[in-house]
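A.B. asks:
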Amino acid sequence: MTEVVCPHCGASKSIVAPPPELVVVAPCPKCGEWVLLFRKKAIAIDRNVLENGSLQEKKAHVADIVGTFLEPDIEAELVKPVVEETEQHQHEELPRAESIPQREIDDFINIDLHLIHKKNYFERLFGKVE
Ligand SMILES: [Zn+2]
510 MTEVVCPHCG ASKSIVAPPP ELVVVAPCPK CGEWVLLFRK KAIAIDRNVL ENGSLQEKKA
570 HVADIVGTFL EPDIEAELVK PVVEETEQHQ HEELPRAESI PQREIDDFIN IDLHLIHKKN
630 YFERLFGKVE
């Protein structure tokens, strides 16, 4: 059993702890608002946003919830340490991919790759082709 406190109204209730890999969404028995349970965390779900919000608002709310999963204590459990690089890889200079914002990569994949066959666009990106 584990005690869960509703993040909306503060009511507490003892429940059978769900398995650690399971995400449970359930309404609070007292106030009826939605609560997401993950591990021993109770995270508020704003039903109004999910039902009536714009796509943007819904995305932001879901991102908030997922972000709560990734707080350091949980992240440490979810993200396994990278296996030590073997020597054969050490001479390879990898591009600094982490300095490119994901948004730019997405834009490139979504837009640029479709246009790159058009000569004008290609030249604008890379300079005049001789
Ligand atoms: Zn409640």
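One gets our numbering by counting positions in the sequence shown from 1 and adding 509 to each.
Where is the CB? At the ideal position from N, CA and C, for every residue including glycine.
1. Does the segment 537-553 touch the segment 521-529, meaning 3 or more C-beta pairs lie closer than 8 angstroms?
2. Check whether the Cβ of Lys522 lies closer than 7 angstroms to any heavy atom of ligand 1, and answer yes or no.
3. Cβ-heavy atom distance between Glu542 and ligand 1 below 7 angstroms?
4. What residue does the beta strand (DSSP E) around Ala535 start on, and which one ends it?
5. Taking 7 angstroms as the line, does the beta carbon of His517 fall inside it for any heavy atom of ligand 1?
6. In or out: Val534 buried (at least 16 other Cβ within 10 Å) or exposed?
7. Do Lys549 and ligand 1 come close, with the Cβ less than 7 angstroms from some heavy atom?
8. According to DSSP, simplified to helix, strand and coil, what is Val513?
9. Based on the DSSP output, what are the partners of Phe547 in its beta bridges?
C.D. replies: Concretely, from the data shown:
1. Contact between the segment 521-529 and the segment 537-553 is present, because at least three Cβ pairs lie under 8 angstroms.
2. If you number the sequence shown from 1, residue 522 lands on position 13. Lys522 has its Cβ no nearer than 7 angstroms to any heavy atom of ligand 1.
3. Translated into the one-based positions of the sequence shown, residue 542 becomes position 33. Yes, since a heavy atom of ligand 1 falls inside the 7 angstroms radius drawn around the Cβ of Glu542.
4. Looking up residue 535 in the sequence shown gives position 26. First-last of the beta strand (DSSP E) with Ala535: 532-536.
5. Residue mapping note: residue 517 aligns to position 8 of the sequence shown, counting from 1. In this structure, the C-beta of His517 approaches ligand 1 to less than 7 angstroms from one of its heavy atoms.
6. For this step, residue 534 is matched to residue 25 along the sequence shown. So Val534 counts as exposed.
7. The residue labelled residue 549 in the question sits at position 40 within the sequence shown. Not so, every heavy atom of ligand 1 lies at least 7 angstroms from the Cβ.
8. What you label residue 513 is simply residue 4 of the sequence shown in a count that begins at 1. Correct three-state label for Val513: strand.
9. For the purposes of this step, residue 547 is identified with residue 38 of the sequence shown, where counting begins at 1. Looking at the DSSP assignment, Phe547 forms a beta bridge with Val532, Lys550.
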